[in-house]
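This report concerns only the one structure given below.
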Amino acid sequence: TNGFNLKYRYEQDNNPLGVIGSFTYTEKDRTENGSYNKGQYYGITAGPAYRLNDWASIYGVVGVGYGKFQQTENQGLNRTASNSDYGFSYGAGMQ
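When you line the sequence shown up against the UniProt record's numbering, it's residues 1 to 95, in that order.
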């Protein structure tokens, strides 16, 4: 699996309340028994963050995700099929 996740957090000077945003992309592909398969996922989320002290904060995010799967059969048929969908995503954590 290959991919990356980018996060950005913003706080004003002495205000413990801030915002956090995240973008994620992952993909995996492989060929097996003459079929090429590829799956991809994109996600974007954002939400509030609250700083507890100098080294810890809590956050919650909501957003949308998009996934796509594609399969190509090369055993003399050259057929391609794909499926994709959007979905709601959410998360919470401490960092």
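In this text, a Cβ means the ideal position worked out from N, Cα and C, and glycines have one as well.
Predicted model, so just to flag it, every value in this text is computed and none were measured.
{"query": "Measuring only between beta-carbons, confirm whether residue 19 sits less than 8 Å from chain E.", "result": "Given the protein chain composition of this structure (a single chain), no chain E is represented."}
{"query": "Just the Cα atoms here: how many angstroms apart are residue 19 and residue 32?", "result": "43 Å"}
{"query": "Along the chain, where does the beta strand (DSSP E) containing residue 5 start, and where does it finish?", "result": "2-11"}
{"query": "Considering only their Cβ atoms, is the gap separating residue 64 from residue 89 smaller than 8 Å?", "result": "yes"}
{"query": "Taking the alpha-carbon positions, what's the residue 93 to residue 48 distance?", "result": "11 Å"}
{"query": "For residue 29, does the three-state DSSP call read helix, strand or coil?", "result": "strand"}
{"query": "So residue 37 is in the beta strand (DSSP E); what residue range does that whole segment cover?", "result": "35-51"}
{"query": "Short of 7 Å in beta carbon distance, which residues of its chain neighbour residue 61, apart from the five on each side in sequence? Order them along the chain.", "result": "20, 22, 45, 46, 47, 90 and 91"}
{"query": "Taking the continuous beta strand (DSSP E) assigned at residue 81, which residues delimit it?", "result": "79-94"}
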